[in-house]
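Be aware that the sequence shown starts at 1, since it is given in this note's numbering, and climbs by one per residue.
We treat Cβ as the ideally placed atom computed from N, Cα and C, and that holds for glycine.
None of the values given here were measured: they were computed from a predicted structure.
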Amino acid sequence: MAENLWTTDPREALRAHPGFTLASMDRRATPGWGGDKAQGKAFMDSRASLLSELQERLFAEGRVGGKRSVLVVVQGLDTAGKGGMVRHVMGYVDPQGVSLASFGVPTEEERQHHYLWRIENKLPTPGRIGVFDRSHYEDVLVVRVDELIEESVWSERYDEINEWEKQLVESGTTILKFALMVSHEEQGIRLMERLDRPDKRWKYSTGDLDTRAKWHAFQEAYQAVFDRTSTEHAPWYVLPADRKWFSRLALTEILTRTLVEMEIGWPSVRWSPEVQRRNLAKSMSTASLVESYEDTPAVVTEAMEETLEVRRDSADLLDADPDASEQRIAARRAEWLTDLEETLAHKRELLAARDDAPALTADIPGIGSKTKKAAKSKKSKKGKKKSKK
Ligand code: ADP
């Protein structure tokens, strides 16, 4: 198990608090993380299964009428690693649960509308994690630096954005804003690499040097963004980005902790599983019903262990009282096992009503031991799942 070497909650360590000054930020620093690169990567990978299950829960909640969603805004200058970051986050979760939107120079149609129009069109629907590669903040960044519109217009936008984001939060969207801040020197090195490598030249744009020349103006524009739009409801996290592994680790951890605190459970259903099971069984052969019966303990206990593991990881993250959380986990386990007993009893009853069914007893050999075996084999299986990602 990779070691958790966060010494401070990254949401605290990286948040743009009032008085934050970008100019004095060390872009090679790793605030809040007490380990090195290898440890950081290992720990980040160890979050994969938790993150993926939390995302699935959010998705499930959205399916049954939940209103919550998460919006991850990623901003940063060229070469800061936005694209890699976005791919990285998306790699951890089920593609159907995330929606990606990239915002470039507005199209003719987009220019006909209010600047938030194209953003609103791409907001995540309930249950989804939306990832924005650039965002409405371009409308106070590049627009300000390149003087694309008058100051009297863009200067009004900060308050407007705050108000708009507030409404978004009130309607159920959790907003996480990340600014990837690469140093001037590192940007130079990364741009040079793009020129040197034939396989990376496509990433280079001849306009990149013009943007680089406006480095200081962009820093000022970012500082203004942090000063004016790092709000309680939608804070900015400023990630030093000279070490890509750190910015990825930090974003992964902040996203994970945010989802954990949302306390997303599996939705309960409004219909009766017994009635549905009875009806489904009518369409099944006796042989497949027997097979399903015999598989039930392993299938259910494996799912149970996974769910309990998420609860345990979540409790660790929330610094919950370990005794109290173990008690809650034990209670949840008991609920699952009672449900399992009822399921097995019901399936035996369904089989008993059939003339061609083999004789089954409550303690047919294998069932009890299967339950334990499944619980034990869980760990190794999960490890496999993780390493695949
Ligand atoms: P990237 O550079 O992120 O790979 P693109 O090649 O699509 O993506 O370019 C994005 C460009 O669009 C950036 O130069 C950015 O400043 C610009 N842009 C994004 N939003 C706006 C906007 N609202 N107004 C003007 N330019 C914008």
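Is the Cβ-Cβ distance between residue i and residue j less than 8 Å?
i: residue 16; j: residue 230; result: yes
i: residue 253; j: residue 318; result: no
i: residue 344; j: residue 286; result: no
i: residue 59; j: residue 2; result: no
i: residue 127; j: residue 66; result: yes
i: residue 14; j: residue 237; result: yes
i: residue 348; j: residue 340; result: no
i: residue 246; j: residue 6; result: no
i: residue 234; j: residue 156; result: no
i: residue 178; j: residue 251; result: yes
i: residue 329; j: residue 57; result: no
i: residue 289; j: residue 281; result: yes
i: residue 248; j: residue 85; result: yes
i: residue 201; j: residue 209; result: no
i: residue 73; j: residue 176; result: yes
i: residue 50; j: residue 313; result: yes
Cα-Cα, which of the options is closest to residue i?
i: residue 102; options: 118, 261 and 19; result: 118
i: residue 30; options: 287, 275 and 244; result: 244
i: residue 338; options: 219, 65, 300 and 127; result: 300
i: residue 4; options: 46, 19 and 20; result: 46
i: residue 168; options: 250, 68, 326 and 60; result: 68
i: residue 309; options: 80, 249 and 48; result: 48
i: residue 192; options: 79, 314 and 329; result: 79
i: residue 419; options: 313, 302 and 277; result: The chain is shown from 1 up to 389; residue 419 falls before or after that span and cannot be answered.
i: residue 95; options: 336, 55 and 85; result: 55
i: residue 241; options: 281, 77 and 288; result: 77
i: residue 154; options: 257, 114, 176 and 174; result: 114
i: residue 204; options: 187, 25, 217 and 307; result: 187
i: residue 12; options: 35, 257 and 184; result: 257
i: residue 152; options: 162, 163 and 140; result: 140
i: residue 259; options: 93, 227 and 63; result: 93
i: residue 216; options: 198, 194, 183 and 196; result: 183
i: residue 116; options: 303, 97 and 163; result: 163
i: residue 336; options: 314, 302 and 358; result: 302
Are there 16 or more other CB atoms within 10 angstroms of the CB of residue i, so buried, or fewer, so exposed?
i: residue 365; result: Any reading at residue 365 must be qualified, since the residue scores a pLDDT of 43, below 50, and its modelled position is unreliable; no value is offered.
i: residue 181; result: buried
i: residue 352; result: exposed
i: residue 52; result: buried
i: residue 159; result: exposed
i: residue 368; result: Because the pLDDT at residue 368 is just 47, under 50, the model does not fix this residue reliably, and the value given afterwards should be weighed accordingly. Label assigned to residue 368: exposed.
i: residue 334; result: exposed
i: residue 136; result: buried
i: residue 189; result: exposed
i: residue 8; result: exposed
i: residue 82; result: buried
i: residue 284; result: exposed
i: residue 27; result: buried
i: residue 174; result: buried
i: residue 255; result: buried
i: residue 185; result: exposed
i: residue 272; result: exposed
i: residue 171; result: exposed
i: residue 381; result: For residue 381, the pLDDT reaches just 40, beneath the cut-off of 50, and the residue's location in the model is therefore unreliable, although a value from the coordinates is still provided. Exposed, because fewer than 16 other Cβ atoms sit within 10 Å of the Cβ of residue 381.
i: residue 98; result: buried
i: residue 10; result: buried
i: residue 311; result: buried
For the beta strand (DSSP E) holding residue i, just list the boundary residues, first then last.
i: residue 240; result: 236 to 240
i: residue 130; result: 129 to 133
i: residue 176; result: 173 to 181
i: residue 69; result: 69 to 76
Between which two residues does the alpha helix (DSSP H) harbouring residue i extend?
i: residue 191; result: 184 to 196
i: residue 96; result: Per DSSP, residue 96 belongs to no alpha helix (DSSP H) and is neither H nor E.
i: residue 40; result: 37 to 46
i: residue 227; result: 215 to 229
i: residue 246; result: 244 to 261
i: residue 167; result: 157 to 170
i: residue 293; result: 286 to 317
i: residue 21; result: Where residue 21 is concerned, there is no enclosing alpha helix (DSSP H), given that its DSSP letter is neither H nor E.
i: residue 276; result: 273 to 282
Check whether chain B comes within 8 Å of residue i, counting only Cβ atoms and requiring the distance to be less than that.
i: residue 189; result: In the structure shown, chain B cannot be found, because there is only a single protein chain.
Within the present structure, is the beta-carbon of residue i separated from the nearest heavy atom of ligand 3 by less than 7 Å?
i: residue 312; result: Absent from the structure shown: ligand 3. Ligands present: ligand 1.
Original post:
Does the stretch 82 to 91 come within contact of the stretch 128 to 136, defined as at least 3 CB pairs closer than 8 Å?
Top reply: yes
Original post:
Okay, do the stretch 134 to 144 and the stretch 26 to 45 touch, 3+ Cβ pairs below 8 Å being the bar?
Top reply: no
**OP:** Specify whether the stretch 324 to 335 and the stretch 257 to 276 touch according to this definition: at least 3 beta carbon pairs, one from each stretch, less than 8 Å apart.
**Re:** no
Original post:
Between the stretch 208 to 224 and the stretch 105 to 117, do at least 3 Cβ pairs fall closer than 8 Å?
Top reply: no
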